[in-house]
Amino acid sequence: MTFLQKVAASILCAIFALMVLATFLLPAHYARQFRDIPNAGPSSGHPLGTDPLGRDFLARLLYGTRVSLLLAPAAALLSTLIAAVLGSVAGLLGGWFERIVLAATDLSLALPWLFLLLVVRAMLPLDVPPLVSVVIAFLMMGLLGWQASVRLICTAARGVRDSDFLLLARSSGCKPARLLVRHVAPNLRPLFYAQFFISIPLFILTEANLSILGLGVMEPMPSWGNLMRGFEDFSTLSANPWRLVPLVLLVIVVMCFQLVLPSQEVAQ
Amino acid sequence: MRRVSVVLALILVLCWPVSASAESAVQSGGELHFCLRGEPKTFNPLLVEEDASETIRYLTGGVLIRLNRQTQALEPGLAVSWKVSADGRSIRFHLRTGLHFSDGTPFTSEDVAYTMKALMDPQLHSPTGDSFRSGEGQVAVRTPSADSVIVTFPAPVAGLERLFDQVAILSAHSPNKEMAVLGPFYVAHYTPGSSVLLRRSTNYWKKDKEGKPLPYLDSIRLDIQRNRDIELLRFRRGEIHLINVLDAEYFDRLQKEMPAVAHDAGTGLDSEFMWFNQVPTAPLVESKKAWFRSTEFRKAISMAINRADLSRIVFGGHAQPAFGPVSPASHFWFNSSLPVPQYDSAAALRLLSQAGFHLEGDTLRDSSGNRVEFTVITNSGNRSREQMVAMIQQDLSQIGVKVNLVTLDFPSLIERITRTYDYEACLLGLVNTDLDPNSQMNVWLSSAENHQWNPKQSKPATAWEAELDRLMRAQASTTSDKKRKADWDRVQQIIFEQQPFIYLVNKNAMSAVSPAVIGSAPSVLDPHAFWNVEVLRLGPDPALGAQK
Chain A
3 MTFLQKVAAS ILCAIFALMV LATFLLPAHY ARQFRDIPNA GPSSGHPLGT
53 DPLGRDFLAR LLYGTRVSLL LAPAAALLST LIAAVLGSVA GLLGGWFERI
103 VLAATDLSLA LPWLFLLLVV RAMLPLDVPP LVSVVIAFLM MGLLGWQASV
153 RLICTAARGV RDSDFLLLAR SSGCKPARLL VRHVAPNLRP LFYAQFFISI
203 PLFILTEANL SILGLGVMEP MPSWGNLMRG FEDFSTLSAN PWRLVPLVLL
253 VIVVMCFQLV LPSQEVAQ
Chain B
19 MRRVSVVLAL ILVLCWPVSA SAESAVQSGG ELHFCLRGEP KTFNPLLVEE
69 DASETIRYLT GGVLIRLNRQ TQALEPGLAV SWKVSADGRS IRFHLRTGLH
119 FSDGTPFTSE DVAYTMKALM DPQLHSPTGD SFRSGEGQVA VRTPSADSVI
169 VTFPAPVAGL ERLFDQVAIL SAHSPNKEMA VLGPFYVAHY TPGSSVLLRR
219 STNYWKKDKE GKPLPYLDSI RLDIQRNRDI ELLRFRRGEI HLINVLDAEY
269 FDRLQKEMPA VAHDAGTGLD SEFMWFNQVP TAPLVESKKA WFRSTEFRKA
319 ISMAINRADL SRIVFGGHAQ PAFGPVSPAS HFWFNSSLPV PQYDSAAALR
369 LLSQAGFHLE GDTLRDSSGN RVEFTVITNS GNRSREQMVA MIQQDLSQIG
419 VKVNLVTLDF PSLIERITRT YDYEACLLGL VNTDLDPNSQ MNVWLSSAEN
469 HQWNPKQSKP ATAWEAELDR LMRAQASTTS DKKRKADWDR VQQIIFEQQP
519 FIYLVNKNAM SAVSPAVIGS APSVLDPHAF WNVEVLRLGP DPALGAQK
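Top line first, the protein sequences correspond to chains A and B.
If you count the first sequence from 1, position 195 lands on 197 in the numbering used here, and the numbers rise without skipping.
If you count the second sequence from 1, position 451 lands on 469 in the numbering used here, and the numbers rise without skipping.
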């Protein structure tokens, strides 16, 4: 681990620690409205001020971090798992199965994912608590975000398929499932990691985009995305620069996730 | 570009005669610039449905009677005078003589007859014509002379004169059809997706007090711009002269930077409200249907919402708490005798307990022990509505009610509230441009599509809805303003008592007008910023640079 990687990992750990301890550190719940002091500046009671409804901005930031940083990796894990299974099997088996998987991938890449998310969101039941709706939103992202990874993994698996060690394993009578689990998957593991870490910031940004459109995490629950909706008002932003903290945090986390990857995995 | 305009402005200022007074710097001519927020769908004034076409109709159309947007009084337009018959079925106009359309075609009573026939033609499906349809039968138009017209309707039409403010007269003989107009401007050029250029009609009949022909402006350029941020940016840069409708958020932004240009005309006609789904066939659990049908429940929810906070926080004080379907801005029709309810969560709880609800810890439960929780839907991307729901969440949590918010894209939302009825509560707004109670017939009649809480009823589901039907029909069939006012006051009272719509706020009418525009007097009625376009003129603008 290089020095830079250690720094990135430490920052991520610190952010995770703050996120977990938010409940004990904060004086107010993220949804509580101090209606006498909307849009207030930093003070001892509210270190990052309050939002337009008078809610403590630091509380919303830390709870929003919890939402974004817990659910984005979960969605990334789901999409990477789907991509790993489909890509590895397609690459290993080749032939008609590979063609079907790649055709399905191309088809879903061609779909406008934003509209797909809008349609799926509109079809969901309405009487669900905010937390469940957040989980559903990230679940949808995970289920719809595997296509690019499939192509990469399939290409890599195809390379492994023609390798000498796999030929040897086949000639020894190794069955396809065992070939996949014991020989192909371990060789593709760095790629899986890379895809997982690359997907995390992607899903955080997707949630941010959805929230800016008013379709992400619902009120009163905070997320980095809906905190960044305040950026629409540039004049307020220039007068209250501390409102940029969610963006700064997002940039730091995305950078740290990229840095923390071993260089050989990035190279893959 | 701005630097060039500033230099030109300086040259103009330096070349100006030293003796020129400030008043003489204000002159006729020039091109007024502002934005349409959508593509005009039609230039035919009889087919106008949306804002962009309405703006063009207002600026180009000549009408027999004009509603003064500031005094809310009717003023003579192409008609010098008019008289409604005692039975309210017919109206006689005495027309101005010697007028010509923008293309030079003479204006006579034949044009009015032609317009009325086209307006009432069922094949045309004119939305403006729908307001005149009072009963079965044909509309008869007689032209006893070139300067008088008598229009007779099959049944009395309530508020008949006022409806003519929307009827732009077409030429019966002009080869230019609807492009020949009697208003202050005519459409000179239209570039789809880009702009509409209106030029001054030299045949316009109106003159100022000194006898100078109106309008003062040479032309108006309407840029088609859907994005409100870009519209605001262009206004800040001095590229456009006015913004007709401003949201509270944009208003505050502008007021901070340029206080002189932001105008708040006071409480407007637009309202924000929420309602509960009372459709009997809605796919909701029976316990929730029972809550939503309970008058006490709806009244308690209404009492527990702090409207003053909504106005102050979400709209930055540019809105007033609303309690009924008529804004106080409508001086004549507003029922001022209704009490102004106060935010009172304790009283709300008492009302709920009378209706069989009870508090268990922090949770309100109904008589069967079900937790009181519902989801409010609203359209996505509307920040003020999301903020209103967030505040309502906290207000109602005081009485143990849990509120969830779901935002949906507009087509999905419309699908749910008009077809599938798969929702519990909805928060939306109503843009109201007409003061007359008839404009709300499509909301309050139980058979109406916009009777949102339980639309398209074959017969009224409740006694009070039957009473609403009776009163709305009664006010629509009489010509006595006093009787209509009495009926409409009673309608407002029933709505106040039953709370089928829980009115939240009336938004203020806000607009932005550049200091370069002289004569502007923003009003609460639409069009707010250019209702008196005939007398608007451009002068040098110290803040934005010379616009001429």
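We treat Cβ as the ideally placed atom computed from N, Cα and C, and that holds for glycine.
On the DSSP letters alone, give me the boundaries of the alpha helix (DSSP H) that A:N228 sits inside. W226 to L229
Could you check whether B:I410 and B:V421 sit closer than 7 Å to each other, using their CB atoms as the reference points? yes
Skipping 5 residues on each side, what residues in its chain have a beta carbon closer than 8 Å to that of A:V253? none
Note down the Cα distance separating B:A364 from B:R325, rounded to an integer number of angstroms. 16 Å
Is A:Q35 close to chain B, meaning its C-beta is less than 7 Å from at least one C-beta of that chain? yes
Taking three-plus beta-carbon pairs below 8 Å as touching, is the stretch 274-283 of chain B in contact with the stretch 500-518 of chain B? no
Quick check on this structure: which residue in B:I331, B:H51, B:I74 and B:L178 has the alpha carbon closest to the alpha carbon of B:D454? B:L178
Helix, strand or coil for B:Y582 per DSSP? Chain B is shown from 19 up to 566; residue 582 of chain B falls before or after that span and cannot be answered.
When burial is assigned at 16 or more other CB atoms within 10 Å of the CB, is A:A19 buried or exposed? exposed
Should the stretch 54-74 of chain A be regarded as contacting the stretch 26-45 of chain A, the criterion being three or more beta carbon pairs within less than 8 Å? yes
To the nearest whole angstrom, what separates the beta carbons of B:A176 and B:S464, a pair I think is in contact under 8 Å? About 19 Å; that fails the 8 Å criterion.
Which stretch, first to last residue, makes up the beta strand (DSSP E) that contains B:F333? It is not in any beta strand (DSSP E) - B:F333 carries neither H nor E in the DSSP assignment.
Any 3 or more C-beta pairs closer than 8 Å across the stretch 258-278 of chain B and the stretch 534-543 of chain B: yes
Quick one: give me the first and last residue of the beta strand (DSSP E) that B:R239 is part of. S237 to I242
If the cut-off is 8 Å on Cβ atoms, which residues from the stretch 39-65 of chain A count as contacting chain B, listed in chain order? P40, P54, L55 and G56
Residues sharing a beta bridge with B:W293, DSSP: B:C444 and B:F519
Assign A:A77 to one of three DSSP states: helix, strand, or coil. helix
Same chain, Cβ closer than 8 Å to B:S192, five either side skipped, listed in chain order: F119, D121, T123 and A198
Less than 7 Å between CB atoms is the rule here; does A:L246 satisfy it with respect to chain B? no
To the nearest angstrom, report how far apart B:V390 and B:P343 are at their CA atoms. 27 Å
With distance defined between alpha-carbon atoms, name the residue in B:G56, B:A164, B:T381 and B:W471 nearest to B:L96. B:A164
B:V567 by DSSP, collapsed to three states: which one? Past the edges of chain B, shown from 19 to 566, lies residue 567 of chain B, and the structure says nothing about it.
Are the stretch 139-149 of chain B and the stretch 240-247 of chain B touching by the rule of at least three beta carbon pairs closer than 8 Å? no
Quick one: which residues of the stretch 410-444 of chain B get their C-beta closer than 9 Å to a C-beta of chain A? List them in chain order. Q411, Q412, S415, K420, N422, L423, V424, T425, L426, D427, P429, S430, L431, E433, R434, D440, Y441 and E442
Tell me where the alpha helix (DSSP H) around A:K8 begins and ends. F5 to L27
First and last residue of the uninterrupted alpha helix (DSSP H) at B:S430: F428 to E433
How big is the Cα-Cα spacing for B:Q88 and B:A527? 12 Å
Determine, for B:V553, whether the minimum Cβ-Cβ distance to residues of chain A falls below 7 Å. no
Measuring only between beta-carbons, confirm whether B:I74 sits less than 7 Å from chain A. no
Limits of the beta strand (DSSP E) - the one that B:V159 falls within: A158 to S163
Residues of the stretch 153-184 of chain B whose Cβ lies closer than 9 Å to any Cβ of chain A, in chain order: none
Measuring alpha carbon to alpha carbon, tell me which of A:L249, A:R184, A:G144 and A:W148 ends up nearest A:L109. A:W148
Nearest-angstrom Cα separation, counted from B:E196 out to B:N62: 6 Å
Work out the CA separation of B:M276 and B:A255 for me, nearest whole Å. A small correction: the amino acid at residue 255 of chain B is Arg; Ala does not occupy that position in the sequence shown. One C-alpha to the other measures close to 12 Å.
Around the Cβ of B:P202, are there at least 16 other Cβ atoms within 10 angstroms (buried) or fewer (exposed)? buried
Determine which residues of the stretch 66-82 of chain A have a Cβ less than 7 Å from any Cβ of chain B, and write them out in chain order. none
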